[in-house]
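Chemist: Residue numbers (the working numbering), protein chains in the order written: chain A, 1 to 491; chain B, 492 to 714.
For glycine and all other residues, C-beta sits at the position ideal for the given N, C-alpha and C.
Nothing here was measured: the structure is a model prediction, and the numbers come from that model.
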Amino acid sequence: MLAALVILPFFAAALAFFIYNPKIRRALLPLTSIIEFAAALLCRKQGSTALWNILALDDLGFLVLTLTCLLFFVISLYAVDYLAYEGEYGVHKRNRLHFTNVPEAVFTACMLLFLGSAVLVTLACHLGLLWVAIEGTTIACAPLIYFHRTPQSLEATWKYIIICSVGIAFALLGNFLLDVAWQTKDTPPIPMTLSDMLRTASGVNAPWFKAAYIFIFIGYGVKMGLAPMHTWLPDAHSEAPSPVSALLSGALLNCAFLGVLRLHQLSLAAGFGSFSQELFVLFGLLSMLTATLFIVGQADFKRMLAYSSVEHMGILLLGVGIGGLAAHGGMLQLVCHSLTKGALFLLAGNILRVYHVKIISQISGLGKVLPWSGALWLAGFLAVAGSPPFGIFASEFMILRAMLQKGFGLVPLLYLLCLGAIFVGMGLACLRMFLGTIPADLPAPNVGTEKERLLFVLPPFILLLLCAALSLYQPEWLKDILSAAALHLIT
Amino acid sequence: MSLTLFILSPWLQAAIGLILIINLGLLAAERQQICIRLLTLQGFAVSLIPVLLADAPSGVPWSLMLTTAVFMLIKGFFLPFMLKKAHKTLGQSAPTPPQLGYNLSVLAGFSGFAFSLWLAGRLPAPANPTFLALFAPAFATILAGLLLIVTRRKALTQIMGYLVMENGIFLLGVPLARHESFWLELSILLDVWVGIFVMVLALYHLNRTLHTTDVGRINSLRD
Chain A
1 MLAALVILPF
11 FAAALAFFIY
21 NPKIRRALLP
31 LTSIIEFAAA
41 LLCRKQGSTA
51 LWNILALDDL
61 GFLVLTLTCL
71 LFFVISLYAV
81 DYLAYEGEYG
91 VHKRNRLHFT
101 NVPEAVFTAC
111 MLLFLGSAVL
121 VTLACHLGLL
131 WVAIEGTTIA
141 CAPLIYFHRT
151 PQSLEATWKY
161 IIICSVGIAF
171 ALLGNFLLDV
181 AWQTKDTPPI
191 PMTLSDMLRT
201 ASGVNAPWFK
211 AAYIFIFIGY
221 GVKMGLAPMH
231 TWLPDAHSEA
241 PSPVSALLSG
251 ALLNCAFLGV
261 LRLHQLSLAA
271 GFGSFSQELF
281 VLFGLLSMLT
291 ATLFIVGQAD
301 FKRMLAYSSV
311 EHMGILLLGV
321 GIGGLAAHGG
331 MLQLVCHSLT
341 KGALFLLAGN
351 ILRVYHVKII
361 SQISGLGKVL
371 PWSGALWLAG
381 FLAVAGSPPF
391 GIFASEFMIL
401 RAMLQKGFGL
411 VPLLYLLCLG
421 AIFVGMGLAC
431 LRMFLGTIPA
441 DLPAPNVGTE
451 KERLLFVLPP
461 FILLLLCAAL
471 SLYQPEWLKD
481 ILSAAALHLI
491 T
Chain B
492 MSLTLFILSP
502 WLQAAIGLIL
512 IINLGLLAAE
522 RQQICIRLLT
532 LQGFAVSLIP
542 VLLADAPSGV
552 PWSLMLTTAV
562 FMLIKGFFLP
572 FMLKKAHKTL
582 GQSAPTPPQL
592 GYNLSVLAGF
602 SGFAFSLWLA
612 GRLPAPANPT
622 FLALFAPAFA
632 TILAGLLLIV
642 TRRKALTQIM
652 GYLVMENGIF
662 LLGVPLARHE
672 SFWLELSILL
682 DVWVGIFVMV
692 LALYHLNRTL
702 HTTDVGRINS
712 LRD
């Protein structure tokens, strides 16, 4: 079953090149992801055993796997209509945009390759395979970012591939050092599987482990968009087409985060929990501060969302670094981040489709031009900025409570200052876009609801609804999964 | 400290010496054609390391021979072929000096090697002594690759820098390889190969769309 979970998306990706009917090819996206989602649930229910000692489904992996499949499914519903709207090989000469899209078969195949690689990341219990899978997600995303073939998207793709490849190369170096840290002269070679490494972690060579930790943390931290290694992220997120931006933010960053969490699990087992936690708190705060500086006064709304992802990654790291209740909050934040950021990037696509600009000051009257998307945009802002009744409020509050309970000095103050400043900065931008008069140069047919197709509005609505539901009511099985995942990250 | 290098066989020392000289050659090279030739040579030298490290009396296992052949094919033939083709397609352009200048680049390469030797001397002894013996040259190669990426302005040279860095990491990983991890080595190599392929494709698009491969001039995205 685990092998089927990995193979299916790669098979579907290959199939995308042999299906000539665009409607059937597009249907591969939601179909594959929903089958993956169902298969993941079945695997969990049946309690599948590890395969070849390199693939296994543990609590952390299950959480990220189901979240990725669910997000991919909802985004692919949007993408089906998005691709139909964009048209294959269409040259788009719009008001202020000129571009030719990447062939649709390549786009579909790369989306599915990304899904396959992400699934492999969640199932990999061998650290070498985990690296291969994370590098796979990097490669699969590059053509997706360059979908519109604009000079800007090309520049973003180049930066993304070079910076992430170098980062991932560091992680590979770290993996080798990790192997050195685990081997001793007296014992036979220990395989790099998570179970074997956790079992033998007490005899680890401390200096080699710390060196390995730094390289892997930097490597996966680049991919995760942690400051100051985040430079590729705002460019890639803002220049990619909206469904891809949603996937990058909601799924790709989680994959890298899972890599960091695996490292944290090893640190805890090896007795270096405090070393890891201190680094998490430091980089978490640094990411939040950096994001705050760039969100306040940000001119481009997609870049604003991208920096919000940097902030969320910082909060995730901070939650895990603080531990206890905060780790549980971190897991909830992981889920809610994916849902809200997925919704907001899809809505950003709706806005961009009508206004043709990403400059906040040139967008006004969103509530009148796109009533549904406008209302969801405001709800999305409330969700992403951590207001009730959305799940991020609950997760951020849990992390704050844990910080205050454990007495983290100035950290709670800085945390609150960043959250407050980001709320104001994003709020001003979102309200400015929502309110005001319709720009004079906006073509008349765009005004009204006819541009708001059902599949452009329904997916972000579903994602935001789920995020709100998580705050108001969490079923027992979900609580169990979140607690079990958090338990892996607590000493 | 660096004396650990001398536990290696003379052929292995020669191959490592060649890799280190190529690092400096790459940092000093002005023309991309020369860089590609040097990189081809380094690819071959690095691919030979697993066989040179093998315990001769017990014979070289067939799986190792096969791995070496695959590595040589990819590192010494396919990757340089892609770079050569890209260079030919992009056409001749005036060499762009590195941001540090050629002399300082070579000096930085030397300093990187000196630092690697110093670092290797201070590291705790690992279970596998060969790993420590190869640490300094491997780390110096990684640093040389990073230097190429950071200081060179042509996108093609940056890709070559990434390849040099990968060669260094490969060198570090060779002593750790086990027979049962053949699938992993091939997966890593495949990932790197596809990664370079995507970079070269992006390079073609950069040249076609922006009419330049000078990354210093590709900076329209900023806050």
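Give, in chain order, every residue of the region 679-697 of chain B whose Cβ lies closer than 7 Å to some Cβ of chain A.
Modeler: Going along the region 679-697 of chain B in chain order, one finds Ile679, Asp682, Val685, Gly686, Val689, Met690, Ala693, His696 and Leu697 with a Cβ nearer than 7 Å to chain A.
Chemist: Just to confirm before moving on: does the CB-CB distance between A:Leu334 and A:Val354 stay below 8 Å?
Modeler: Working through the first sequence from its first residue, we reach residue 334 of chain A at position 334. Working through the first sequence from its first residue, we reach residue 354 of chain A at position 354. No, the pair does not count as a contact, with Cβ atoms beyond the cut-off.
Chemist: Any residues in the region 536-569 of chain B with a beta carbon nearer than 8 Å to a beta carbon of chain A? Which ones, in chain order?
Modeler: Those would be none; no residue qualifies.
Chemist: Starting from the Cα of B:Leu517, find the closest Cα among B:Ala611, B:Val689, B:Leu638 and B:Phe569 and give me that residue.
Modeler: Working through the second sequence from its first residue, we reach residue 517 of chain B at position 26. B:Leu517 has its Cα closest to that of B:Leu638, out of B:Ala611, B:Val689, B:Leu638 and B:Phe569.
Chemist: A:Leu123: which of A:Phe461, A:Leu65 and A:Ala383 sits nearest, CA to CA?
Modeler: Stepping through the first sequence from its first residue, residue 123 of chain A is reached at position 123. Considering only alpha carbons, the answer is A:Leu65.
Chemist: How many Å lie between A:Arg344 and A:Trp377 at the Cα?
Modeler: What you label residue 344 of chain A is simply residue 344 of the first sequence in a count that begins at 1. What you label residue 377 of chain A is simply residue 377 of the first sequence in a count that begins at 1. One point to set straight first is that residue 344 of chain A is Leu, not Arg, in the sequence displayed. Answer to the nearest angstrom: the Cα atoms are 7 Å apart.
Chemist: Might you give, ordered along the chain, the residues of its own chain that have their beta carbon closer than 7 Å to the beta carbon of A:Lys93, omitting 5 neighbours on each side?
Modeler: What you label residue 93 of chain A is simply residue 93 of the first sequence in a count that begins at 1. Reliability of the predicted coordinates at A:Lys93 is poor, the pLDDT of 48 falling under 50, and the value obtained from them is presented with this limitation in mind. So the list is empty, once near-sequence residues are dropped.
Chemist: Taking only the alpha-carbon atoms, compute the straight-line gap between B:Met434 and B:Trp674 and give it to the nearest angstrom.
Modeler: Coverage of chain B is limited to positions 492 through 714, which leaves residue 434 of chain B absent and any answer about it impossible.
Chemist: Does any C-beta atom of chain A lie closer than 8 Å to the C-beta of B:Ser711?
Modeler: Position 220 of the second sequence, counted from the start, is the residue given in the question as residue 711 of chain B. Yes, because at least one Cβ of chain A sits closer than 8 Å to the Cβ of B:Ser711.
Chemist: Would DSSP call A:Ile19 helix, strand or coil?
Modeler: Position 19 of the first sequence holds residue 19 of chain A. Three-state DSSP puts A:Ile19 in coil, outside helix and strand.
Chemist: With burial defined as no fewer than 16 other Cβ atoms inside 10 Å of the residue's Cβ, what is the status of A:Leu487: buried or exposed?
Modeler: The residue you call residue 487 of chain A lines up with position 487 of the first sequence. Burial call: exposed.
Chemist: Sort B:Glu676, B:Leu692, B:Leu544 and B:Ala520 by Cα distance to B:Ser596 and report the nearest one.
Modeler: Walking along the second sequence from the start, residue 596 of chain B turns up at place 105. Nearest C-alpha to B:Ser596: B:Ala520.
Chemist: Using the rule of at least 16 other Cβ atoms within 10 Å of the residue's Cβ for burial, across every protein chain shown, is B:Arg643 buried or exposed?
Modeler: In the second sequence, residue 643 of chain B corresponds to position 152, counting from 1. Looking at its Cβ environment, which holds 16 or more other Cβ atoms inside 10 Å, B:Arg643 is buried.
Chemist: Alpha carbons only, please: which of A:Lys358, A:Leu248, A:Met111 and A:Leu339 is nearest the one belonging to A:Gln298?
Modeler: For the purposes of this step, residue 298 of chain A is taken as residue 298 along the first sequence, with counting starting at 1. Taking only the C-alpha atoms, the option nearest A:Gln298 is A:Lys358.
Chemist: So which residues on chain B does A:Asp179 lean against when the C-beta distance must stay under 8 Å?
Modeler: As a position in the first sequence, residue 179 of chain A is number 179, starting the count at 1. Near A:Asp179 (Cβ distances below 8 Å), the residues of chain B are Leu667.
Chemist: For B:Ser554 and B:Met563, what's the separation of their Cα atoms in angstroms?
Modeler: In the second sequence, counting from the first residue as 1, residue 554 of chain B sits at position 63. In the second sequence, counting from the first residue as 1, residue 563 of chain B sits at position 72. Cα to Cα, B:Ser554 sits roughly 14 Å from B:Met563.
Chemist: With burial defined as no fewer than 16 other Cβ atoms inside 10 Å of the residue's Cβ, what is the status of A:Asp480: buried or exposed?
Modeler: The residue you call residue 480 of chain A lines up with position 480 of the first sequence. Under this definition A:Asp480 is an exposed residue.
Chemist: Determine the contact status of A:Pro439 and A:Ser364, defining contact as a CB-CB distance below 8 Å.
Modeler: On the first sequence, position 439 is the one that residue 439 of chain A refers to. On the first sequence, position 364 is the one that residue 364 of chain A refers to. The answer is yes: Cβ separation under 8 Å.
Chemist: Straight-line CA distance for A:Glu88 to A:Cys69?
Modeler: Here the question's residue 88 of chain A lines up with position 88 in the first sequence. Here the question's residue 69 of chain A lines up with position 69 in the first sequence. Here the model assigns A:Glu88 a pLDDT of 47, short of 50, so the residue's position is not dependable, and the following value carries that caveat. About 26 Å.
Chemist: Can you list, in chain order, the residues of its chain with a C-beta nearer than 7 Å to that of A:Leu455? Leave out the 5 residues immediately preceding and following it.
Modeler: Along the first sequence, read from residue 1 onward, the residue named residue 455 of chain A stands at position 455. Here the set comprises Leu77, Tyr78, Val80 and Asp81.
Chemist: When you check each C-beta in the region 614-630 of chain B against every C-beta of chain A, which residues fall closer than 8 Å?
Modeler: Listed by position, the residues of the region 614-630 of chain B near chain A (Cβ gap below 8 Å) are Leu614, Pro615, Pro617, Ala618, Asn619 and Phe622.
Chemist: With 9 Å as the limit, tell me which residues of the region 278-305 of chain A have their beta carbon closer than that to any beta carbon of chain B; keep them in chain order.
Modeler: Listed by position, the residues of the region 278-305 of chain A near chain B (Cβ gap below 9 Å) are Phe294, Gln298, Ala299, Asp300 and Arg303.
Chemist: In angstroms with no decimal places, state the Cα-to-Cα distance between A:Val106 and A:Leu113.
Modeler: As a working note, residue 106 of chain A is residue 106 in the first sequence. As a working note, residue 113 of chain A is residue 113 in the first sequence. Roughly 10 Å between the two C-alpha positions.
Chemist: What residues of chain A sit near B:Thr642, judged by a beta carbon separation below 7 Å?
Modeler: Here residue 642 of chain B corresponds to residue number 151 of the second sequence, with the count starting at 1. Simply none; closest approach about 14 Å.
Chemist: Would you call A:Glu476 buried or exposed, if buried means 16 or more other Cβ atoms sit within 10 Å of its Cβ?
Modeler: Along the first sequence, one-based indexing puts residue 476 of chain A at 476. By the 10 Å Cβ count, A:Glu476 comes out exposed.
Chemist: Taking three-plus beta-carbon pairs below 8 Å as touching, is the region 140-152 of chain A in contact with the region 259-270 of chain A?
Modeler: No: the two stretches stay apart, fewer than three of their Cβ pairs being nearer than 8 Å.
Chemist: Is A:Asn95 buried or exposed, if buried means 16 or more other CB atoms sit within 10 Å of its CB?
Modeler: Here residue 95 of chain A is taken as the residue at index 95 of the first sequence, counted from 1. Only weak support is given to the placement of A:Asn95: the predicted model assigns it a pLDDT of 44, under 50, and the value that follows is read from those uncertain coordinates. Under this definition A:Asn95 is an exposed residue.
Chemist: Kindly confirm or deny that the region 303-321 of chain A and the region 228-240 of chain A touch, where touching means at least three C-beta pairs closer than 8 Å.
Modeler: They touch, by the three-pair rule.
Chemist: Alpha carbon to alpha carbon, how far is A:Met288 from A:Val74? Give it in angstroms, no decimals.
Modeler: In the first sequence, counting from the first residue as 1, residue 74 of chain A sits at position 74. In the first sequence, counting from the first residue as 1, residue 288 of chain A sits at position 288. Straight-line Cα distance between these residues: approximately 28 Å.
Chemist: Where do the ends of the alpha helix (DSSP H) carrying A:Met398 lie?
Modeler: As a first step, residue 398 of chain A is located in the first sequence; it is residue number 398 there, counting from the start. Per DSSP, A:Met398 belongs to the alpha helix (DSSP H) from Gly391 to Lys406.
Chemist: Using 8 Å for Cβ pairs, my map puts B:Met690 next to B:Ile650. What's the rounded Cβ distance?
Modeler: Position 199 of the second sequence, counted from the start, is the residue given in the question as residue 690 of chain B. Position 159 of the second sequence, counted from the start, is the residue given in the question as residue 650 of chain B. The Cβ separation is near 5 Å, so the contact holds.
Chemist: Please classify A:Gly136 as buried or exposed, where buried requires at least 16 other C-beta atoms within 10 Å of its C-beta.
Modeler: Position 136 of the first sequence, counted from the first residue, corresponds to residue 136 of chain A. So A:Gly136 ends up on the buried side.
Chemist: With distance defined between alpha-carbon atoms, name the residue in A:Ile19, A:Pro241, A:Glu36 and A:Cys430 nearest to A:Ile295.
Modeler: Here residue 295 of chain A corresponds to residue number 295 of the first sequence, with the count starting at 1. Measuring from the Cα of A:Ile295, the nearest candidate turns out to be A:Cys430.
Chemist: Report the option in A:Leu258, A:Asn53 and A:Cys164 whose CA atom is closest to the CA atom of A:Leu229.
Modeler: Sequence index remark: in the first sequence, residue 229 of chain A carries index 229 (1-based). Correcting the residue type first, residue 229 of chain A is Met in the shown sequence and not Leu. Per the Cα distances, A:Cys164.
Chemist: What residue from A:Ile490, A:Phe72 and A:Ala171 has the CA that sits closest to A:Tyr213's CA?
Modeler: As a first step, residue 213 of chain A must be located in the first sequence, where it is residue number 213. Of A:Ile490, A:Phe72 and A:Ala171, the residue nearest in Cα terms is A:Ala171.
Chemist: When the distance is taken between beta carbons, is B:Leu654 closer than 8 Å to B:Pro628?
Modeler: Working through the second sequence from its first residue, we reach residue 628 of chain B at position 137. Working through the second sequence from its first residue, we reach residue 654 of chain B at position 163. Contact: no.
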